[in-house]
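Structure first, then comments.
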Amino acid sequence: MASTETASATVIEDIPRRPTILATLGAFSRENPLGACGGFIVIVMIVMAFFAPWLTSYDPTANDFGAMLAPPDGDHFLGTDQFGRDLLSRIIYGARTALLVGFVSSFVGCFLGLILGVTSAYFGGRFDLLFQRVMDVFMAFPLIILALAVVAIFGTGVQNVIIAITIPVIPRAARIVRASALAIREMPYVDAARANGFSHSRIIFRHMMPNVMAPFLIILTAQVGQAILIEASLSYLGLGVQEPIPAWGLMLRGGAQEYAESAPWVAIFPGLAITLAVFGFNLFGDALRDWLDPKMKT
Amino acid sequence: MQTAAAQGASAPLSDEAISARSATKSGRPILEIENLSVQFRSSHGLVRAVENVGYTVYPGEMVAIVGESGSGKSVSALTVMRLLAQTAEVTSGTVMFDGRDLLKLDNEEMRRIRGHHVSMIFQEPMTSLNPVLRIGLQIMEPLFIHLGMTEEAAKARAIELLTLVGITDPESRLEQYPHQLSGGMRQRVMIAIGLACDPKLLIADEPTTALDVTIQAQILELMKDLSRRLGIAVVIITHNLGIVARYADRVNVMYAARIVESGTAEDVFGNPRHPYARGLLSAVPRLDRGRAMRLQTIEGAPPNLLKPPEGCRFRPRCRFAIDKCVVSPPLVEVEQGHRAACHRSMELDKLEKLGADSHDAIGAAEITTSGPILQLQGVSKFFPIAGGFFKPAKLVRAVNKVTLDIAPGETLGLVGESGCGKSTLGRVVLRLDDPTDGKILFEGSDLANAGSDEMLAVRKKMQVIFQDPFSSLNPRMTVGDIIGEPMQVHKILPKDKIHDRVAELLSLVGLHGYMADRYPHQLSGGQRQRVGIARALSVNPKFIVCDEAVSALDVSIQGQVINLLEGLQQKLGLSYLFIAHDLAVVRHISHKVAVMYLGKIVEYAPADELFANPKHPYTQALLAAAPIPDPAIERTRPRRIITGELPSPLRPPPGCVFNPRCPIAVENCRKEIPELRNLAPMHWVACSEV
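Protein sequence lines, in the order shown, are assigned to chains A and B. Under our numbering, the letters of the first sequence match residues 9 to 306, in that order. Under our numbering, the letters of the second sequence match residues 11 to 700, in that order.
This is the structure in structure tokens:
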């Protein structure tokens, strides 16, 4: 029915109007209720991170030795840790760390992966072969081991954690993007661009990259959750973010071992925050994949 | 619409009259569709895909449903099988098959009819067979299910069926899987499956659209022959008017969900009574007509069925529309057994004569004497197929020593079946692929070894138009950006002037300036193809490779684009390398034609000479296989159907590549490779026996 969709060329015909953002969001949540839940969690996290100072009256780094290990009550909704720091405000501020690391590392990693993947697919042949083998070597290391190695070299701290997580993200993104880009490379419009004598970079950036956006977005959202988890793991192992910066993994490290029985809230709430965040990003990423995939085919 | 329905219902009388004329038909129709309406619910609204459609089919006859894509021709046939999608809803009508209304049967009863009494053959033989089952089992399955045959009986019947559809060595074929068969073979297997239970009705939905022209002829001859011999009624759904003219007894023309004309093939083709049918017939290029006339095309595009025009659906595109046409015309009898839905069907002859002087002849821009713009000298392109550890690497000779030349302002048509290397040759000329050997002289300089800087300069002078208007435009760019980009990259115009030039180019290809802000998915197929042409023109090229540039378009749109290409050639003095598999289109558009078979040029001559006086047996076979949309001519043409199929380019036959299929091959043809030789001035043939 494709050829009947528009009317005669002699009249200004109606073009199918783009649905508004609100309508798209509505359709998305109707089709993927779980994905919408994930999206909601993500939004809550972002709000927490942005408006942290307004959401809590406690300084997340201020010690209050009068209220050490206080259980959840009216003053401290989620209780305090062994230094008397308010857990709620540490979790809220911790969202900043988690999102900073999660977004920056997966954005940078996926974007580099996008460029490398499309370039590799475009040139093909020996370049592609060599490049893919290098990626294979990177992929051979489990994510966490690779991140550990990077931290061992560069040292700890937020900035280094970001680098440590970015590097293993690159080959994963590159591989997925390359698979889609291989199909795009065979499209006649890429041939048309070559026949027009466009430069390689123009074809890669202007003609191929916009057309692999769907898989790119999917891997991006999936990687944010992953990155948050790795950051928490590294911090828990003492190789990531350092005290006194509020970070969820770090809070677990301080609380879990010593106070598991006497003050369980010290470990439970940061643990919940990590779980919810990863859960939210993964649900949202999955739903996004279902949502974008059929559209890629048309 | 009610009136049309009433007329449709009163029609069987006239059909009876036709059947009385034909001795092969028994008195009772096997299939009678009356007043059928089907609608689909889509997210954009209600689509009435079929409206008040009715036709009858008698045993042993072949009835064609013709129409462009989206006209509802497939939906009407799928309704017979009750295979419509979930979103479809039959709102009215009856489908009487052998005395029973199929629409009233429950699912179990319907299941017993499908594949037993009514069979269906689909377009795509590649996907309609199950790839993991042996074809023997797939043929025997309906025999087990419907006839309860034993293993042995079914096997014997399967062998009989494969022999019937012309498959050699049937016993061993039973053990094969679909991927081991060629496209034509698979379609034969599909027909065998369809015939397995001795059906009374066979529905073929575009059965040969995916096949090459010589294979198409084989399959249709087979179907026609089987229908006659076994008395099976065949409904064939197609957009190809030539097929209809050659094979169909009766024709129903559909336009925008309605039947606009129906009658015997002779009546509908010889004396069409609906402006759409007339328009279609004059819009298709024909093998028996040269390039003297422009095609008379139907302007515009078929209507959007979400909001169809009021009254006659064809009114917005009709040259003869009058005020009365806002009322839907009923399908009425215009002569015995010939019905048309047009208020002015009786005046059409007179009206046509009045407008006849609008035929404009193609100008005298004939072959010029100046030197060629493009010369190919012994161009070859071999693809290595990597071997395994124990298998040696193989070489596919996709293009093998091709020598051609194209003069300025001239069109060279390159015809051949799929896999003959014609598209590869086009890509090599454009240097999208590098040639293995030979010289590509463009305006005297050799491109075969040109560096990227040299190529950059040449790329402005040569352009390409692709087959598929859906995938040849970047979906993420607006039409304006697509057309403007080459000018910007090559700095042909300053940035602020590009916008005006885009508007100019759009109007040159018959589109509107406001379309520059659209995205490709907001345009129809024909409009997209025009954007592709505008993009090619944006750098002011001298030479354009048209790779199947019109074959993905509907008949009426195809004519428009052909006219556009011809008009642009005259206006801008362009040269075309026109690659196509449709002989009629090539005949219409080309000055010179080269016929390609398995990587080699087998015949090369001026178009008129080649079509009037084909020398090479392959050219002759191709011409014989291509139908002409005129039953009167078709009935007098000799049937010379070439046997066999295109050999694998991995294992080309020794000697002349055509020898296994050639009717005049002699012993020597298996040994010696014939070179192109000059038979007459400008007529080259690669055959030692002519």
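All C-beta atoms, glycine included, are put in the ideal place defined by N, C-alpha and C. All figures in this text were calculated on a predicted structure; none of them were measured in a lab.
Review point. Taking one C-beta from the region 441-451 of chain B and one from the region 525-536 of chain B each time, how about it: are there three or more such pairs within less than 8 Å?
Key: Counting Cβ pairs under 8 Å, fewer than three are found: no touch.
Point to revise | Whole-number beta carbon distance between Met-465 of chain B and Gly-293 of chain A, since they are thought to touch under 8 Å | key: Taking the first sequence and counting its residues from 1, one reaches residue 293 of chain A at position 285. Taking the second sequence and counting its residues from 1, one reaches residue 465 of chain B at position 455. Taking the Cβ atoms as the reference, Gly-293 of chain A lies roughly 43 Å from Met-465 of chain B, outside the contact range of under 8 Å.
**Study point:** Inter-residue Cα distance where the pair is Ile-99 of chain A and Ala-281 of chain A
**Key:** Position 91 of the first sequence, counted from the first residue, corresponds to residue 99 of chain A. Position 273 of the first sequence, counted from the first residue, corresponds to residue 281 of chain A. One C-alpha to the other measures close to 7 Å.
Exercise for review: Starting from the C-beta of Lys-470 of chain B, find all residues in its chain whose C-beta is less than 6 Å away, skip the five residues before and the five after it, and write them out in chain order.
Suggested key: Start at 1 with the first residue of the second sequence, and residue 470 of chain B comes out as number 460. Result list for Lys-470 of chain B: His-500 and Val-549, in chain order.
Point to revise | Three-pair Cβ contact test at 8 Å for the region 210-218 of chain A versus the region 261-273 of chain A | key: Too few Cβ pairs lie closer than 8 Å, so no.
**Study point:** Min CB distance His-215 of chain A to chain B below 7 Å
**Key:** The residue given as residue 215 of chain A occupies position 207 in the first sequence. So yes, His-215 of chain A belongs to the interface.
Review point. Short check: CB of Ile-184 of chain A to CB of Thr-127 of chain A, under 7 Å?
Key: For the purposes of this step, residue 184 of chain A is taken as residue 176 along the first sequence, with counting starting at 1. For the purposes of this step, residue 127 of chain A is taken as residue 119 along the first sequence, with counting starting at 1. Contact flag unset, no.
Exercise for review: On a CA-only basis, which of B:Val-389, B:Leu-251 and B:Pro-496 is nearest Asp-456 of chain B? Give me that one, please.
Suggested key: As a working mapping, residue 456 of chain B is identified with position 446 in the second sequence. For Asp-456 of chain B, the nearest C-alpha among the options comes from B:Val-389.
Practice item. Closer than 6 Å by C-beta to Gly-77 of chain B: which residues in its own chain qualify, once you throw out the five before and the five after it? Chain order, please. Key: What you label residue 77 of chain B is simply residue 67 of the second sequence in a count that begins at 1. Short of 6 Å from the beta carbon of Gly-77 of chain B, and not among the five residues preceding or following it, lie these beta carbons of its own chain, in chain order: Lys-83 and Met-264.
Point to revise | Assigned exposure category for Lys-334 of chain B - 16 Cβ within 10 Å defines buried | key: Numbered from its first residue, the second sequence carries residue 334 of chain B at position 324. So Lys-334 of chain B counts as exposed.
Review point. Is Leu-42 of chain A closer than 7 Å to Leu-291 of chain A when the C-beta atoms are compared?
Key: Position 283 of the first sequence, counted from the start, is the residue given in the question as residue 291 of chain A. Position 34 of the first sequence, counted from the start, is the residue given in the question as residue 42 of chain A. Between Leu-291 of chain A and Leu-42 of chain A, the C-beta gap is smaller than 7 Å, which places the two residues in contact.
Check your understanding: Helix, strand or coil: which one does DSSP assign to Lys-404 of chain B?
Key -> If you number the second sequence from 1, residue 404 of chain B lands on position 394. It is a strand residue.
Practice item. Could you spell out where the beta strand (DSSP E) holding Tyr-265 of chain B opens and where it closes? Key: Counting from one through the second sequence, the residue named residue 265 of chain B turns up at place 255. 260-265 is the span of the beta strand (DSSP E), which, as asked, contains Tyr-265 of chain B.
Exercise for review: In angstroms with no decimal places, state the Cα-to-Cα distance between Arg-649 of chain B and Glu-162 of chain B.
Suggested key: Translated into the one-based positions of the second sequence, residue 649 of chain B becomes position 639. Translated into the one-based positions of the second sequence, residue 162 of chain B becomes position 152. Near 38 Å, if we compare the C-alpha coordinates of Glu-162 of chain B and Arg-649 of chain B.
Review point. Using CA coordinates, which residue listed in B:Gly-461, B:Glu-699 and B:Glu-427 is at the minimum distance from Arg-441 of chain B?
Key: By 1-based counting over the second sequence, the position of residue 441 of chain B is 431. Nearest option by C-alpha distance: B:Gly-461.
Check your understanding: Exposed or buried, which one is Val-61 of chain B when buried takes at least 16 other CB atoms within 10 Å?
Key -> Mapped onto the second sequence, residue 61 of chain B falls at position 51. A small fix is needed here, since residue 61 of chain B is Glu in this sequence, not Val. So Glu-61 of chain B ends up on the buried side.
Exercise for review: Output the boundary residues of the beta strand (DSSP E) element that contains Ile-213 of chain B.
Suggested key: Within the second sequence, the letter at position 203 stands for residue 213 of chain B. Its beta strand (DSSP E) spans residues 211-215.
Review point. Out of curiosity, what's the CA-to-CA distance linking Asn-669 of chain B and Cys-679 of chain B?
Key: Here the question's residue 669 of chain B lines up with position 659 in the second sequence. Here the question's residue 679 of chain B lines up with position 669 in the second sequence. When the Cα atoms are used, Asn-669 of chain B and Cys-679 of chain B turn out to be separated by approximately 6 Å.
Check your understanding: Rounded to a whole number of angstroms, what is the C-alpha to C-alpha distance between Glu-644 of chain B and Ser-482 of chain B?
Key -> Along the second sequence, read from residue 1 onward, the residue named residue 644 of chain B stands at position 634. Along the second sequence, read from residue 1 onward, the residue named residue 482 of chain B stands at position 472. The alpha-carbon of Glu-644 of chain B is positioned some 37 Å away from that of Ser-482 of chain B.
Practice item. Taking 8 Å as the threshold, find out whether the region 302-312 of chain B comes into contact with the region 40-58 of chain B through three or more Cβ pairs. Key: Counting Cβ pairs under 8 Å, fewer than three are found: no touch.
Review point. What distance in whole Å lies between the Cβ atoms of Arg-268 of chain B and Ala-350 of chain B, which are believed to be in contact at a cut-off of 8 Å?
Key: Stepping through the second sequence from its first residue, residue 350 of chain B is reached at position 340. Stepping through the second sequence from its first residue, residue 268 of chain B is reached at position 258. The C-beta separation of Ala-350 of chain B from Arg-268 of chain B comes to about 12 Å, leaving the pair out of contact by the 8 Å criterion.
Check your understanding: If you scan the region 123-195 of chain B from start to end, which runs of the alpha helix (DSSP H) of 4 or more residues do you find wholly inside it?
Key -> Runs of the alpha helix (DSSP H) inside the region 123-195 of chain B: 145-157, 161-174 and 180-183.
Review point. Should Val-185 of chain A be flagged as near chain B, meaning a C-beta pair shorter than 7 Å?
Key: Here residue 185 of chain A refers to the residue found at position 177 when the first sequence is read from its first residue. It does not: the Cβ of Val-185 of chain A has no partner Cβ on chain B nearer than 7 Å.
Point to revise | Segment contact, 8 Å Cβ cut-off, at least three pairs: the region 230-242 of chain A with the region 470-480 of chain B | key: Not touching, per the Cβ criterion.
Check your understanding: Cβ of Ser-182 of chain A within 7 Å of Cβ of Gly-121 of chain A?
Key -> Position 174 of the first sequence, counted from the first residue, corresponds to residue 182 of chain A. Position 113 of the first sequence, counted from the first residue, corresponds to residue 121 of chain A. At residue 182 of chain A the sequence reads Ala, which differs from the Ser that was named. Yes, the pair counts as a contact, with Cβ atoms nearer than the cut-off.
Practice item. Give a yes or no on whether 7 Å exceeds the smallest Cβ distance from Asp-199 of chain A to chain B. Key: As a first step, residue 199 of chain A must be located in the first sequence, where it is residue number 191. Output row for Asp-199 of chain A: interface = yes.
Review point. Would you report the Cα separation of Ser-338 of chain B and Leu-503 of chain B, rounded to the nearest angstrom?
Key: Numbered from its first residue, the second sequence carries residue 338 of chain B at position 328. Numbered from its first residue, the second sequence carries residue 503 of chain B at position 493. If you take the alpha carbons of Ser-338 of chain B and Leu-503 of chain B, they lie about 51 Å apart.
Exercise for review: Below 6 Å CB to CB, which residues in the same chain sit around Gly-55 of chain B once its five sequence neighbours on both sides are set aside?
Suggested key: Along the second sequence, read from residue 1 onward, the residue named residue 55 of chain B stands at position 45. Here the set comprises Leu-316.
Point to revise | Where Ala-33 of chain B falls: helix, strand or coil (DSSP) | key: The count along the second sequence starts at 1 and reaches residue 33 of chain B at position 23. In this predicted model, Ala-33 of chain B has a pLDDT of only 40, less than 50, meaning its place in the structure is not dependable enough to derive any value.
Check your understanding: Taking only beta-carbon atoms, is Pro-684 of chain B less than 7 Å away from chain A?
Key -> For the purposes of this step, residue 684 of chain B is identified with residue 674 of the second sequence, where counting begins at 1. Proximity of Pro-684 of chain B to chain A, defined by a Cβ-Cβ separation below 7 Å, is not satisfied.
Practice item. Quick one: residues in its chain with C-beta nearer than 6 Å to the C-beta of Ile-54 of chain A, no 5 flanking neighbours on either side, listed in chain order? Key: Taking the first residue of the first sequence as 1, we reach residue 54 of chain A at position 46. Spatial neighbours of Ile-54 of chain A in its own chain (CB-CB distance under 6 Å, excluding positions within 5 residues in sequence) are not present.
Review point. For Ile-75 of chain B, which option in B:Glu-181, B:Asn-262, B:Ser-81 and B:Ile-492 has the closest C-alpha, if you only look at C-alpha atoms?
Key: For the purposes of this step, residue 75 of chain B is taken as the residue at position 65 of the second sequence. The candidate whose alpha carbon is nearest that of Ile-75 of chain B is B:Asn-262.
**Study point:** Cβ of Pro-196 of chain A within 7 Å of any chain B Cβ
**Key:** Here residue 196 of chain A refers to the residue found at position 188 of the first sequence. Chain B, which has a Cβ nearer than 7 Å to the Cβ of Pro-196 of chain A, makes this yes.
Review point. From which residue to which residue does the beta strand (DSSP E) around Asn-688 of chain B run?
Key: Here residue 688 of chain B refers to the residue found at position 678 of the second sequence. Counting along the chain, the beta strand (DSSP E) containing Asn-688 of chain B begins and ends at 687-690.
Check your understanding: Hey, Leu-424 of chain B and Lys-432 of chain B: beta-carbon distance below 7 Å or not?
Key -> Here residue 424 of chain B refers to the residue found at position 414 when the second sequence is read from its first residue. Here residue 432 of chain B refers to the residue found at position 422 when the second sequence is read from its first residue. For Leu-424 of chain B and Lys-432 of chain B, yes; Cβs fall inside 7 Å.
Review point. Chain B beta carbons: is any one of them nearer than 7 Å to that of Asn-204 of chain A?
Key: The residue you call residue 204 of chain A lines up with position 196 of the first sequence. With respect to chain B, the C-beta atom of Asn-204 of chain A has a partner C-beta closer than 7 Å.
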